[in-house]
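Novice: First the structure, then my questions, so here it is.
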Amino acid sequence: MNMLIILAIVIPILGGLAVWLPGLRKHPFVPPLISAIIVAAAVAAMRIGSGFGQISTWWEVAPGLSLAFRVDHAAWLFAMLAAGLWVPATAYANSYMAHHPHKLQRFFMFYTLSLTATMGIALSANFFTLYLFYEMLTFVTWPLVIHNETAKAKRAGSMYLVYSLAGAAVVLAAMVVTWATAGTLDFAPGGLLGAETSVTVIRLLIGMLVVGFGVKAAVMPLHTWLPTAMAAPTPVSALLHAVAVVNAGCFGLLRTFYSVVGPEALERAGFSTGLLALASITIVLASIIALRQDHLKRRLAYSTVSQLGYITLGIFSGHPGLLLGSLMHFVNHGLMKITLFFCAGSIITDTGIEHISEMDGIGRKMPWVMGAFAVASMGMVGVIPINGFQSKWFLFQGALEAARPEVIIVLLASALLNAFYFFPIVAGAFFRGERTEWKAEGLSSGLIWPLVLTAALCIVFGLLPALLYPYVNETVLSLMN
Amino acid sequence: MLDNLPVIIVVSLLMTGFLAPLFVGKFRRTTQVVAGMLTLAAAGASAVLLYRALNTGPVYTALGGWEAPWGIEVVVTPLSAFIMLVLTTIVSLVMFYMPHEQEDWPNQKVGWYITLVLLLTAALLGLTMSNDLFNMYVFLEVSALASFGIVAAKKDRNAGDAALKYLVLATIGSGFVLFAIGITYAVTGYLNLGFASQALAEGQFHPIITWIIATFFLVGFGIKAGLFPLHVWLPDAHSSAPTSASALLSGVVVKVYAVVMARVFFGLFGGAGLEALGISSLIRIAASLSILAGSAFALVQTDIKRMLAYSTVAQVGYIFLGFGLGGVYGVAAALYHVFIHGLMKSTLFLSSGKVVELRGGSRDISGFNGVGKLLPIPMAAFTLAALSMVGLPILAGFATKWYLFDAGLSAGIYWVPVVVIISSLLNAAYFLPIVWRVWFGETEAHEVSNRRVPGLIPLALILAVVGLIPGPILRVLEEAAVWLIS
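Top to bottom, those sequences are chains A and B.
With our numbering applied, the first sequence corresponds to residues 1 to 481, in that order.
With our numbering applied, the second sequence corresponds to residues 1 to 486, in that order.
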């Protein structure tokens, strides 16, 4: 097990540095692709191998602070999702960047280092390790956000950096509070705070965690960096929005809420209604804003903000049913959103179109791309048999079990809004006549197969709930202890 | 032999210092190397003393056989041995850098410069190990004059002005210290720290007297160490000095004053006494202001050396904050920061000195654009030190933050973590843009004839290793802290 963890953490660092090898000047994507494949294989093997739940400590960084990793249910879920999607994402990035050649070595170095940071977050066994990699993730994704080096990209980068560093600082403060109250930082099911911890401290800690990780999980009103970060190249957006960054925020919340604060203390704090309201506002408001966006990537960005609300809603609730739905959505949303961003990237590369109003009739020019887009959009709305339906189904069930009818109303409203902002794109692309002249030179296969693959996965996961549901159920049980 | 080792170190540095100008004319290179080797030997001797002090207790020497309280007493506790080791290590590494800087200096200047650096080192070592207040004052003055000399070594108008400003303020600082020593002597009749402290405790003096002694020491040492708002001389002096002098002044000199102040305070009043006098909280407030204001000023600088100098004001604040919090963790954080800040700041000054040299003497931050490609190794060291200043985990700076958190929370002073976190955000705000410029900025192709920066690689390596495994050092420092507090 230790060996596999070392592979998952160290290989991407080596792969990232290897792009500077003189022989690879023309093909800087080779080491990143190889490392993504190795990491995906290593993470997959963690499920088979023994030693699930064992802590492997690397070394003590300072007294009381050690670098330690552990694979448990939640960790494996996130690690597998990220590592699995990293492979098509790297392949896609290669084809995409071939059309936008600019500092490719630098791009692929940080692209691959982000994988280390993500794996570190997923596999961390204590708060310190989580914090370390959470901080690292900011530093390795920032160069990707400002990759184009336009004034707009630099502004977006500064904003991203300010939000993320401030968030990480709050996480550090939460870590200090944890250390001062619990005397340990090692994650444990059921939480670290004893029954004697005062409610004030618990509330303070929860507040810090919501702010600290909420920045990356784009909880409103901390979401503004995310739409702005659209200035990044599209594969980076896919990575930020679907795989690494926002999910790292959600995972950080999940980890700290259930393995640091603990379900009992969560209940004692009496914050759940307020936090659910926060998530609900995020869901509805972001959807409404998304309706008004004409820029495709920005609409997708607000859709992400809204969908992340589903995930944080389940985490905030502390209720097993809602948590189950939210973790299903954690995976399903990743699959759907990466597909949508791949589509947006392919459209931009081939036709240069970035706005929805210019996309009429585009479906006939690029049937595969818009077909995948249609599949993922239907999933977002929750149409059977795409995987998005299942997340919603379990969230509905959870809301009923938790006796929270207001959540059901929010979910229904959101589904409706999703239909309003996704279906016109699909309908226009396929059924309306071409209004704009564009040059479509045809796409290279590297810009098509990754998105077809992820769209197919959306359908497969939708048709076969048994692929995901039992595992997620186990995860929830282990988290709720 | 071992009992006399502390004295031998100081005396041999002083003597060699004065010999340097005699030999530098004919044997320039040899003189430079001998001076460097001598400080390295002093580092070795300090290591021996540290080992000895940790295992068998402090090393006492009574000068000339006159026992305290009549004679001058020299005491090497684990604390002073550690500071001596840090001081001599960094000085010797900077010494190995100096020949590189002095290539086009006339012989005479090289000789006197070596004299001054050795004099400064000897004075600071003496200051650290002395247990006698008046002896401390003498070394304080010697070190101030030597610092003045190395600031003024660069013959331009700015350096002259800055050196003069430094001299005036340092003299005022010494005046405050002398006044405090005078009152202590007047009311207790002793100059020896131990005896004076005993007399103060037994003497039932009016609290205003002890308070005056403490505040005069605080102002005096505060000026010398650049504590906000007494720091005004520091940015000018540290930025206009030659690179090696900046590295020494910012890297070690100001911190030694902070440590000596802590020794005097804990020695005279004890931790509880300081807290009762309100001096501890005064130090904490001044330190926090130092941290915040120093970083804020650094943020708006466009001159790299001034920025680094303001950053020193902030970092000295960390050290004062640790002493102000007291307790094992607070003091250990302060001592650890003395060490790593010495490494970080010397690394930063030496590597940016190279950039300034490359840009023909321009100290503007824009000169850093794209230098990563021209000077990969110095700039890797720069990046390491800069990120460590921000206090990212697994780099050296993080452990200080963590210990300060611990000290703050266990003392019940909850704003300490807030100040420290805000400060690291400010550090990020001024160091990250430079790191970005270094690696991803655009620059015209530039031929670099000499990429070497001697002494830099050992500094950066020690820094990297300490960041990864600070545990052993922190444990030694916790022991040293116990010696200071009790």
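Even glycine gets a Cβ: it sits at the ideal position worked out from N, Cα and C.
Model, not experiment: these values are computed from the prediction.
(1) Looking only at its own chain, which residues have a Cβ that is under 8 angstroms from the Cβ of GLN390 (chain A), when we skip the five neighbours before and after it?
(2) Beta carbons nearer than 9 angstroms to chain B: which residues of the segment 54-75 of chain A have them?
(3) Should TRP59 (chain A) go down as buried or exposed, given a rule of 16 or more other Cβ atoms within 10 Å for buried?
(4) Apart from the five residues just before and just after ALA117 (chain A), which ones in its own chain have a Cβ nearer than 7 angstroms to its Cβ?
(5) Taking the runs of the alpha helix (DSSP H) that are 4 residues or longer, which of them lie wholly in the segment 100-160 of chain B?
(6) Roughly how many angstroms separate the alpha carbons of THR224 (chain A) and LEU14 (chain A), rounded to a whole number?
(7) Measure the beta-carbon distance from THR234 (chain A) to GLY345 (chain A) and round it to whole angstroms, keeping in mind my assumption that it falls under 8 angstroms.
(8) Quick one, which residues of the segment 116-131 of chain A are near chain B if we go by CB-CB under 8 angstroms, in chain order?
(9) In whole angstroms, what is the alpha-carbon distance linking PRO12 (chain A) and LEU479 (chain A)?
(10) Apart from the five residues on each side of it in sequence, which residues of its chain come closer than 6 angstroms, Cβ to Cβ, to GLY342 (chain B)?
(11) Beta-carbon within less than 7 angstroms of ALA399 (chain B)'s beta-carbon, same chain only, minus the 5 sequence neighbours each way: which residues are those?
(12) With three or more C-beta pairs closer than 8 angstroms as the rule, is the segment 240-247 of chain B touching the segment 93-113 of chain B?
(13) Please list, in chain order, the chain A residues whose beta carbon lies closer than 7 angstroms to that of TRP402 (chain B).
(14) Count the other C-beta atoms from every protein chain shown that fall within 10 angstroms of the C-beta of GLN108 (chain B), then say buried if there are 16 or more, exposed otherwise.
(15) Express the C-alpha separation of ASN131 (chain B) and TRP73 (chain B) in angstroms, rounding to a whole number.
(16) Runs of 4 residues minimum, wholly inside the segment 12-69 of chain B: which ones carry the alpha helix (DSSP H) assignment?
(17) Output, in chain order, the set of chain A residues within a Cβ distance shorter than 9 angstroms of LEU392 (chain B).
(18) Apply the 10 Å Cβ neighbour rule to PRO405 (chain A) and answer buried if 16 or more other Cβ atoms are within range, or exposed otherwise.
(19) Below 8 angstroms on the Cβ atoms is my guess for TRP142 (chain A) versus LEU161 (chain A); work out the distance and round it to an integer in Å.
(20) Taking only three categories from DSSP, how would you classify ALA62 (chain A)?
(21) Which residues, in order along the segment 464-485 of chain B, keep a beta-carbon less than 8 angstroms from a beta-carbon of chain A?
(22) In this structure, how does DSSP classify ASN148 (chain A) when only helix, strand and coil are distinguished?
(23) If you run the structure through DSSP and keep just helix, strand and coil, what is ILE55 (chain A)?
(24) Quick check: is the beta carbon of VAL10 (chain A) nearer than 8 angstroms to any beta carbon in chain B?
(25) What are the boundary residues of the beta strand (DSSP E) that includes VAL76 (chain B)?
(26) Note down the Cα distance separating GLU358 (chain A) from LYS337 (chain A), rounded to an integer number of angstroms.
(27) What is the DSSP secondary structure of ASN369 (chain B), reduced to helix, strand or coil?
(28) Taking the alpha helix (DSSP H) that TYR469 (chain A) belongs to, which residues open and close that run?
(29) Residues of the segment 174-202 of chain A in Cβ contact with chain B at a cutoff of 7 angstroms, in chain order, please.
(30) What number of angstroms, rounded off, separates the C-alpha of GLU474 (chain A) from the C-alpha of SER280 (chain A)?
(31) Is the beta carbon of THR84 (chain B) less than 8 angstroms from the beta carbon of LEU125 (chain B)?
(32) Kindly indicate which residue of B:LEU374, B:ALA411, B:LEU395 and B:PRO6 has the alpha-carbon position closest to the one of LEU67 (chain A).
(33) So, does the CB of PRO99 (chain B) fall closer than 8 angstroms to a CB anywhere in chain A?
(34) Residue range of the alpha helix (DSSP H) that ARG299 (chain A) falls in?
(35) Of all Cβ atoms in chain B, is any one closer than 8 angstroms to the Cβ of LEU165 (chain A)?
(36) Evaluate contact between the segment 407-422 of chain B and the segment 367-381 of chain B, counting only Cβ atoms and requiring at least three cross-stretch pairs below 8 angstroms.
Specialist: Straight from the coordinates:
(1) What you label residue 390 (chain A) is simply residue 390 of the first sequence in a count that begins at 1. Cβ within range, chain order: MET328, ASN332, PHE461, GLY462, PRO465, LEU468 and TYR469.
(2) TRP59, GLU60, VAL61, ALA62, PRO63, GLY64, LEU65 and LEU67
(3) Here residue 59 (chain A) is taken as the residue at index 59 of the first sequence, counted from 1. Classification of TRP59 (chain A): exposed, given that the 10 Å Cβ count is below 16.
(4) Taking the first residue of the first sequence as position 1, residue 117 (chain A) is located at position 117. PHE133, MET136, LEU137 and VAL140, listed in sequence order.
(5) 107-129 and 133-152
(6) Along the first sequence, one-based indexing puts residue 224 (chain A) at 224. Along the first sequence, one-based indexing puts residue 14 (chain A) at 14. Roughly 33 angstroms separates the two Cα atoms.
(7) Position 234 of the first sequence holds residue 234 (chain A). Position 345 of the first sequence holds residue 345 (chain A). So it is a contact: roughly 3 angstroms between Cβ atoms.
(8) PHE128 and TYR131
(9) Counting from one through the first sequence, the residue named residue 12 (chain A) turns up at place 12. Counting from one through the first sequence, the residue named residue 479 (chain A) turns up at place 479. Rounded to the nearest angstrom, the two C-alpha atoms are 29 angstroms apart.
(10) For this step, residue 342 (chain B) is matched to residue 342 along the second sequence. VAL86, ILE90, GLY251 and VAL252, listed in sequence order.
(11) Sequence index remark: in the second sequence, residue 399 (chain B) carries index 399 (1-based). Closer than 7 angstroms at the Cβ level, and outside the excluded window around ALA399 (chain B), lie TYR336, PRO470 and LEU474.
(12) yes
(13) Taking the first residue of the second sequence as position 1, residue 402 (chain B) is located at position 402. Neighbours of TRP402 (chain B) on chain A, chain order: ALA62 and LEU65.
(14) In the second sequence, counting from the first residue as 1, residue 108 (chain B) sits at position 108. Exposed, because fewer than 16 other Cβ atoms sit within 10 Å of the Cβ of GLN108 (chain B).
(15) Translated into the one-based positions of the second sequence, residue 73 (chain B) becomes position 73. Translated into the one-based positions of the second sequence, residue 131 (chain B) becomes position 131. Checking the sequence shown, residue 73 (chain B) turns out to be Glu, not Trp. Using only the alpha carbons, I get a separation of about 5 angstroms.
(16) 28-56
(17) Mapped onto the second sequence, residue 392 (chain B) falls at position 392. Under the 9 angstroms cutoff, chain A gives LEU132, GLU135, MET136 and PHE139.
(18) Taking the first sequence and counting its residues from 1, one reaches residue 405 (chain A) at position 405. So PRO405 (chain A) counts as exposed.
(19) Stepping through the first sequence from its first residue, residue 142 (chain A) is reached at position 142. Stepping through the first sequence from its first residue, residue 161 (chain A) is reached at position 161. That pair is a contact at about 5 angstroms.
(20) For the purposes of this step, residue 62 (chain A) is taken as the residue at position 62 of the first sequence. Three-state DSSP puts ALA62 (chain A) in a strand.
(21) LEU468, ILE469, PRO470, GLY471, LEU474 and ARG475
(22) Reading the first sequence from its first residue, position 148 is the one you call residue 148 (chain A). In this structure, ASN148 (chain A) counts as coil in the three-state DSSP scheme.
(23) One-based indexing of the first sequence puts residue 55 (chain A) at position 55. Of the three classes helix, strand and coil, the one that applies to ILE55 (chain A) here is strand, per DSSP.
(24) As a position in the first sequence, residue 10 (chain A) is number 10, starting the count at 1. It does not: the Cβ of VAL10 (chain A) has no partner Cβ on chain B nearer than 8 angstroms.
(25) For the purposes of this step, residue 76 (chain B) is taken as residue 76 along the second sequence, with counting starting at 1. Unbroken beta strand (DSSP E) run through VAL76 (chain B): 73-76.
(26) The sequence position of residue 358 (chain A) within the first sequence is 358, counting from 1. The sequence position of residue 337 (chain A) within the first sequence is 337, counting from 1. Computed Cα separation, rounded: 21 angstroms.
(27) One-based indexing of the second sequence puts residue 369 (chain B) at position 369. Coil, per DSSP.
(28) Working through the first sequence from its first residue, we reach residue 469 (chain A) at position 469. Looking at the DSSP string, the run of the alpha helix (DSSP H) that includes TYR469 (chain A) is 469-480.
(29) VAL176 and ALA180
(30) Position 474 of the first sequence, counted from the start, is the residue given in the question as residue 474 (chain A). Position 280 of the first sequence, counted from the start, is the residue given in the question as residue 280 (chain A). Going by the C-alpha atoms only, they are around 26 angstroms apart.
(31) The count along the second sequence starts at 1 and reaches residue 84 (chain B) at position 84. The count along the second sequence starts at 1 and reaches residue 125 (chain B) at position 125. Note that residue 84 (chain B) corresponds to Met in the displayed sequence, not to Thr. Cβ distance < 8 angstroms, so MET84 (chain B) and LEU125 (chain B) count as in contact.
(32) For the purposes of this step, residue 67 (chain A) is taken as residue 67 along the first sequence, with counting starting at 1. With distances taken between Cα atoms, LEU67 (chain A) lies closest to B:LEU395.
(33) To locate residue 99 (chain B), count along the second sequence from 1; it is residue 99. By this cut-off, PRO99 (chain B) is not an interface position.
(34) Within the first sequence, numbered from 1, the residue matching residue 299 (chain A) stands at position 299. Element bounds for ARG299 (chain A): 296-317.
(35) For the purposes of this step, residue 165 (chain A) is identified with residue 165 of the first sequence, where counting begins at 1. Judged by the 8 angstroms Cβ criterion, LEU165 (chain A) is in contact with chain B.
(36) no
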